[in-house]
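Using my numbering, you'd call the opening residue of the sequence shown number 53 and step up by one each time. Every residue gets a Cβ at the ideal spot worked out from N, C-alpha and C, and that includes glycine. Accompanying notes for the structure given below.
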Amino acid sequence: PGAADAAGQLAGYGLGKVLAVDCGCEYSGDGFAAAVSDAVSAGGYEFVILMQTSFGRDLGARLAARLDAGWINDVIALEGSGSDVVASKPLYAGKVISKLKFNGSGLKVLSLRPRNFEAVQASGASAAVEQLGSGMQCKARCTTLEAKEAGFIDLKDADIIVSGGRGIGGAEGYEAIRNFANEIGAAMGASRAIVDAGWIDHSYQVGQTGKVVNPQLYIAAGISGAIQHLAGMQTSKVIVAINNNESAPIFKVADYGIVGDLFEVLPELGRQIKAARQ
53 PGAADAAGQL AGYGLGKVLA VDCGCEYSGD GFAAAVSDAV SAGGYEFVIL
103 MQTSFGRDLG ARLAARLDAG WINDVIALEG SGSDVVASKP LYAGKVISKL
153 KFNGSGLKVL SLRPRNFEAV QASGASAAVE QLGSGMQCKA RCTTLEAKEA
203 GFIDLKDADI IVSGGRGIGG AEGYEAIRNF ANEIGAAMGA SRAIVDAGWI
253 DHSYQVGQTG KVVNPQLYIA AGISGAIQHL AGMQTSKVIV AINNNESAPI
303 FKVADYGIVG DLFEVLPELG RQIKAARQ
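As structure tokens, then:
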């Protein structure tokens, strides 16, 4: 649902045609893969580009298998064009950047990490919209979606993220993160350490086994900077670290560092930001 509305918006971005898959249900891996693969085969396309989301990872792998195509996921940069395109993707928790090239001139499927590519501006032109998916048979489908709590900002969509680590001292200490995030209009994140400790839900976890984010501003409060956490946030545009240990590894990747008690720093930082915005 909503595919028709999204297609209408995309039609103004200089595209030749917009294909909208809408079967009247939520995402179905086998159903969507069948509809899209048929359209790709008929259209003779060279590339299928998806976002590196749960949807994109699932659909991309299915399409590549169905169409015997090359498949590169989690791409953060692209160079060249056509058969000579080179894709960059992080490996080993972001410690290594691998450059990959497709073999041959066949179909290529890629998924791009969100917020790593500049968005194009709408051109004003209107492309034709073709509806796909009528009569689509879905062997399995999503039956329900649960809405997040009111005011919740998804980590993947956030321009500003404030994350807390073991330095908050306990579950009650996360209130400092919550209060500060609400004050400045930020999303809330967490390190694996406090998720494993049961202080906060896994949906807040940033890192190799959590969510990979790329906000304009990432504030890490009480986070030491384990490599697993850095893998999920080190491509943020600006990183601010707050820690009472001046030797914490997080300071090595931070653009700005504050050595101090997060329970004192965050309220003062909130006041300063509020004053600057007035």
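Helix, strand or coil for D313? Go by DSSP, reduced to three states.
coil
The segment 252-272 touching the segment 207-219, judged by at least three CB pairs closer than 8 Å
yes
Tell whether a beta-carbon distance below 7 Å holds between L318 and A228.
yes
Rounded to whole angstroms, what's the CA-CA distance from S374 to P267? Just pull it up for me.
For residue 374 there is no data in the structure shown, the boundaries of the chain being 53 and 330.
If you follow the alpha helix (DSSP H) that A129 is part of, which residue opens it and which one closes it?
Counting along the chain, A129 falls outside any alpha helix (DSSP H), though it belongs to the beta strand (DSSP E) covering A129 to E131.
Is the beta carbon of S338 less than 7 Å from the beta carbon of I275?
Beyond the ends of the chain as shown, which are 53 and 330, falls residue 338; an answer cannot be given.
For a minimum of 4 consecutive residues, which ranges assigned as the alpha helix (DSSP H) are wholly contained in the segment 218-253?
226-236 and 244-248
In the DSSP output, what is N295 paired with across the bridge?
V311
Contacting residues, own chain, Cβ-Cβ under 6 Å from R167 (five flanking each side not counted)
N266
Run the CB neighbour count on I149, radius 10 Å, all protein chains shown included, and call it buried at 16 or more, exposed below.
exposed
Residues near D57 by beta carbon distance below 7 Å, same chain, minus five either side:
none
My output table needs one value for K147: the three-state DSSP class, helix, strand or coil.
coil
Would you check if the distance between the CB atom of A111 and the CB atom of F154 is smaller than 7 Å?
A small correction: the amino acid at residue 111 is Leu; Ala does not occupy that position in the sequence shown. Taking 7 Å as the Cβ cut-off, L111 and F154 do not qualify as a contacting pair.
K337 to G95 span [Cα, whole Å]:
This structure cannot settle anything about residue 337, because the visible part of the chain is limited to 53 through 330.
Going by beta-carbon coordinates alone, are A121 and V88 separated by less than 7 Å?
no
List the endpoints of the continuous beta strand (DSSP E) containing Q183.
A180 to L184
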